[in-house]
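K.L.:
Sharing a structure, written as structure tokens. Questions coming.
In UniProt numbering, the protein residues as written are 1 to 485.
What follows is the structure, encoded as structure tokens:
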């Protein structure tokens with residue numbers, strides 16, 4: 001009964017913002033507005049949606065750019081510099097901030113970001129007593145990134161027979177502090193990390209974007225839960241060790257500011273669309289503080305107000321719920337988790353129009369609406385153009401904000417070709433190593449590896465006086481009432 005009410009409320013939240021979504025403008029308009037920041041012949045307004053490169057025989061194939069929306073869980077919030085959101089680590093410098101945000105990092109699908117919060121960020125049973133009122137790594141925001149990707153041809157050739165649930169991508173590689181995470185010690189890297197630049201005899205595949213499914217985490221089972229890896233220059237070195245000399249000698253994943261990817265000079269670019277606070281999502285900023293008769297400012301204030309104020313407590317291994325906010329109840333139910341992920345997007349859309357007590361008005365004015373998955377799919381290349389297996393059988397379709405190519409059912413009528421298209425013959429990068437030696441096999445991790453989807457920062461969130469969406473407050477109140485039944 002409780003779950004049914006929660007799902008109905010979540011559905012109501014999504015429908016509440018449907019009008020805002022329809023008024024937000026198409027992806028073409030959003031991307032056109034950012035065209036001054038990322039320039040590429042791959043434009044949503046260009047029916048060909050492709051980039052031509054001419055750097056060698058295996059690099060001259062016309063390649064289509066993929067657009068997707070990813071998310072990262074961050075302690076800080078991006079900084080607005082010259083009208084563009086970039087990392088606060090850039091200290092106000094546009095190019096430095098642009099580099100810092102995606103300099104060898106992991107991201108996630110929207111579902112994957114919330115899974116990370118639920119599985120690793122909020123469980124009081126895995127935190128020290130003195131850290132009771134602090135989420136892991138100080139996580140506070142879910143930041144939305146519009147990602148533009150063009151893989152190298154060598155990437156498609158190398159991994160097309162083994163990419164499993166995440167076609168178009170290489171293997172997802174955990175990354176910590178700006179470097180590939182070693183399997184052990186300091187320099188024992190998986191083959192994939194060595195393939196970005198052809199180190200140690202590995203094929204020079206280039207700085208491929210990696211992806212992997214996280215659907216099977218028992219602590220937080222979310223559908224469409226994918227994590228991604230974005231290597232940049234000096235991928236084996238941490239941020240503090242990335243010298244100018246090293247950067248010049250290694251291949252770029254992240255394009256220079258203002259440039260789009262071509263799969264040769266660089267493989268990805270991005271725009272930060274905006275962010276939503278975790279406190280707003282879970283309803284803490286809608287709970288009244290009886291001492292002030294105003295809503296709590298943030299998680300820490302609410303947590304410290306009463307020793308019984310617990311956001312989430314669950315079994316550390318199984319994720320079984322013990323106590324916590326209504327938002328997190330039934331954490332092992334995939335249907336409830338889907339509703340929670342939808343609430344993340346709904347809260348963001350409401351924030352665009354109603355604001356947040358934790359987000360500065362000036363920053364909020366530069367937020368962008370999220371394109372819908374349907375709008376993304378409409379401007380992205382059909383799956384058969386980048387995934388050879390999608391050119392036969394029932395074909396494939398792009399799903400969700402991350403736009404992963406997923407097999408179609410027979411009655412869906414998915415495209416498997418057209419206009420005389422023939423999948424190009426691509427050659428693997430040269431190596432003397434065996435297939436076994438070039439295959440990335442990460443150690444089984446019951447918990448998330450690397451830095452997951454989180455980004456740390458020295459900065460803290462700024463707060464201004466903006467009223468948070470009344471609809472969310474009402475929904476939270478209904479949730480509390482429902483759970484009291």
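Where a beta carbon is used, it is the ideal one built from N, C-alpha and C, also for glycine.
(1) Do you know offhand how far residue 318's Cα is from residue 265's?
(2) Note down the Cα distance separating residue 122 from residue 133, rounded to an integer number of angstroms.
(3) Taking its Cβ as the centre, do 16 or more other Cβ atoms sit within 10 Å of residue 135, making it buried, or is it exposed?
(4) Taking the continuous alpha helix (DSSP H) assigned at residue 155, which residues delimit it?
(5) In terms of DSSP beta bridges, what is residue 214 paired with?
(6) Less than 8 Å separating the beta-carbons of residue 270 and residue 95?
(7) Taking just the CA atoms, how far does residue 383 sit from residue 423?
(8) To the nearest angstrom, report how far apart residue 415 and residue 338 are at their CA atoms.
(9) Report back the beta-carbon spacing between residue 151 and residue 165 to the nearest angstrom; my notes put them in contact at under 8 Å.
(10) Kindly indicate which three-state DSSP category residue 29 falls into: helix, strand or coil?
(11) For the beta strand (DSSP E) containing residue 69, name the first residue and the last one.
(12) Tell me, please, whether the region 426-435 touches the region 395-408 by the rule of three or more beta-carbon pairs shorter than 8 Å.
(13) Look at the alpha carbon of residue 410 and the alpha carbon of residue 374, and state the distance between them as a whole number of angstroms.
(14) Inspect the beta-carbon positions of residue 499 and residue 341 and report whether they are closer than 8 Å.
(15) Could you give the residue range of the alpha helix (DSSP H) that holds residue 299?
(16) For a test of the three-state rule: what should DSSP assign to residue 102, helix, strand or coil?
(17) Can you give me the start and stop residues for the alpha helix (DSSP H) that residue 379 sits inside?
(18) Since I believe residue 227 is in contact with residue 400 (beta carbons under 8 Å), could you give me their beta-carbon distance rounded to a whole number of angstroms?
(19) Among the candidates 371, 412, 292, 404, whose CA atom is the shortest distance from the CA of residue 349?
(20) Please work out which residues of its chain come closer than 7 Å, Cβ to Cβ, to residue 138, disregarding the five sequence neighbours upstream and downstream, and give them in chain order.
(21) Any contact of the region 187-199 with the region 222-237, i.e. 3+ C-beta pairs under 8 Å?
(22) Taking DSSP as the reference, what is the three-state secondary structure of residue 388?
(23) Hey, out of 388, 253, 313, whose CA is closest to residue 209's CA?
(24) CA-CA distance, residue 435 and residue 276?
(25) Give me the residue from 296, 315, 320 with the minimum Cα distance to residue 309.
(26) Taking the beta carbon of residue 184 as the centre, do at least 16 other beta carbons fall within 10 Å, making it buried, or is it exposed?
(27) What are the start and end residues of the alpha helix (DSSP H) that includes residue 191?
(28) Residue 274 and residue 144 - do their beta-carbons sit closer together than 8 Å?
(29) Can you tell me which of the three DSSP states residue 393 falls into?
(30) What's the gap between the Cα of residue 330 and the Cα of residue 220?
(31) Terminal residues of the continuous beta strand (DSSP E) containing residue 422?
(32) Taking the DSSP output, what are the residues bridged to residue 314?
(33) Hey, which unbroken runs of the alpha helix (DSSP H) at 4 residues or more fall wholly within the region 227-292?
(34) Would you kindly check if the distance between the Cβ of residue 366 and the Cβ of residue 83 is under 8 Å?
(35) Mind reading off the beta-carbon distance from residue 313 to residue 320? Whole number of angstroms is fine, and I expect it under 8 Å.
(36) Quick one: measure Cβ to Cβ for residue 64 and residue 300, integer angstroms, because I've assumed they're closer than 8 Å.
P.N.:
Reading from the atomic positions:
(1) Taking the chain shown and counting its residues from 1, one reaches residue 318 at position 318. Taking the chain shown and counting its residues from 1, one reaches residue 265 at position 265. Taking the straight line joining both Cα atoms gives about 44 Å.
(2) Position 122 of the chain shown, counting from 1, holds the residue named residue 122. Position 133 of the chain shown, counting from 1, holds the residue named residue 133. Approximately 10 Å between the Cα atoms of the pair.
(3) Here residue 135 is taken as the residue at index 135 of the chain shown, counted from 1. Label assigned to residue 135: buried.
(4) Indexing the chain shown from 1 puts residue 155 at position 155. Taken as a continuous stretch (DSSP letters only), the alpha helix (DSSP H) holding residue 155 covers 153-159.
(5) For the purposes of this step, residue 214 is taken as the residue at position 214 of the chain shown. Residue pairing by DSSP places residue 214 opposite no residue, since no beta bridge is assigned to it.
(6) Looking up residue 270 in the chain shown gives position 270. Looking up residue 95 in the chain shown gives position 95. Not in contact: residue 270 and residue 95 (Cβ atoms no closer than 8 Å).
(7) Working through the chain shown from its first residue, we reach residue 423 at position 423. Working through the chain shown from its first residue, we reach residue 383 at position 383. Cα to Cα, residue 423 sits roughly 11 Å from residue 383.
(8) One-based indexing of the chain shown puts residue 415 at position 415. One-based indexing of the chain shown puts residue 338 at position 338. In this structure, the alpha-carbon of residue 415 lies about 28 Å from that of residue 338.
(9) On the chain shown, residue 151 is found 151 positions in, with the first residue counted as 1. On the chain shown, residue 165 is found 165 positions in, with the first residue counted as 1. Contact flag wrong, Cβ pair sits at about 17 Å.
(10) In the chain shown, residue 29 corresponds to position 29, counting from 1. Caution applies to residue 29, whose pLDDT of 39 falls short of 50 and renders its modelled position unreliable; the model cannot decide the point.
(11) Here residue 69 is taken as the residue at index 69 of the chain shown, counted from 1. Taken as a continuous stretch (DSSP letters only), the beta strand (DSSP E) holding residue 69 covers 66-74.
(12) Fewer than three beta-carbon pairs drawn from the region 426-435 and the region 395-408 are found closer than 8 Å, and the two stretches are therefore not classed as touching.
(13) Translated into positions along the chain shown, residue 410 becomes position 410. Translated into positions along the chain shown, residue 374 becomes position 374. About 20 Å.
(14) With the chain represented from 1 up to 485, any question about residue 499 goes unanswered, as that position is not in the structure.
(15) As a first step, residue 299 must be located in the chain shown, where it is residue number 299. Note, residue 299: alpha helix (DSSP H), 299-305.
(16) Within the chain shown, the letter at position 102 stands for residue 102. Correct three-state label for residue 102: coil.
(17) Taking the first residue of the chain shown as position 1, residue 379 is located at position 379. Counting along the chain, the alpha helix (DSSP H) containing residue 379 begins and ends at 373-379.
(18) Position 400 of the chain shown holds residue 400. Position 227 of the chain shown holds residue 227. A Cβ-Cβ separation of about 14 Å leaves residue 400 out of contact with residue 227 under the 8 Å criterion.
(19) Position 349 of the chain shown, counting from 1, holds the residue named residue 349. Of 371, 412, 292, 404, the residue nearest in Cα terms is 371.
(20) In the chain shown, residue 138 corresponds to position 138, counting from 1. So the list reads 75, once near-sequence residues are dropped.
(21) Taking one beta carbon from each stretch, the region 187-199 and the region 222-237 have 3 or more pairs nearer than 8 Å; the two touch.
(22) Position 388 of the chain shown, counted from the start, is the residue given in the question as residue 388. Assigned with DSSP and collapsed to three states, residue 388 falls in helix.
(23) For the purposes of this step, residue 209 is identified with residue 209 of the chain shown, where counting begins at 1. Per the Cα distances, 253.
(24) As a position in the chain shown, residue 435 is number 435, starting the count at 1. As a position in the chain shown, residue 276 is number 276, starting the count at 1. Cα to Cα, residue 435 sits roughly 43 Å from residue 276.
(25) Locating residue 309 in the chain shown gives position 309, where the first residue counts as 1. Among 296, 315, 320, the Cα nearest to that of residue 309 is on 296.
(26) Locating residue 184 in the chain shown gives position 184, counting from the first residue. Exposed: under 16 other Cβ atoms inside 10 Å.
(27) Here residue 191 is taken as the residue at index 191 of the chain shown, counted from 1. Its alpha helix (DSSP H) spans residues 191-194.
(28) Walking along the chain shown from the start, residue 144 turns up at place 144. Walking along the chain shown from the start, residue 274 turns up at place 274. A contact, by the Cβ cut-off of 8 Å.
(29) Stepping through the chain shown from its first residue, residue 393 is reached at position 393. Looking at residue 393 - three-state DSSP - the assignment turns out to be coil, as it is neither helix nor strand.
(30) As a first step, residue 330 must be located in the chain shown, where it is residue number 330. As a first step, residue 220 must be located in the chain shown, where it is residue number 220. If you take the alpha carbons of residue 330 and residue 220, they lie about 10 Å apart.
(31) Residue 422 sits at position 422 when you count from the first residue of the chain shown. Looking at the DSSP string, residue 422 is not in any beta strand (DSSP E), and its letter there is neither H nor E.
(32) On the chain shown, residue 314 is found 314 positions in, with the first residue counted as 1. DSSP lists 321 as the beta-bridge partner residues of residue 314.
(33) Look at the region 227-292 and you find these whole runs of alpha helix (DSSP H), each 4 residues long or longer: 244-249, 278-282.
(34) The residue given as residue 83 occupies position 83 in the chain shown. The residue given as residue 366 occupies position 366 in the chain shown. At a Cβ-Cβ threshold of 8 Å, residue 83 and residue 366 count as neighbours.
(35) Taking the first residue of the chain shown as position 1, residue 313 is located at position 313. Taking the first residue of the chain shown as position 1, residue 320 is located at position 320. About 10 Å separates the two Cβ atoms, so there is no contact after all.
(36) Along the chain shown, read from residue 1 onward, the residue named residue 64 stands at position 64. Along the chain shown, read from residue 1 onward, the residue named residue 300 stands at position 300. That pair is no contact at about 46 Å.
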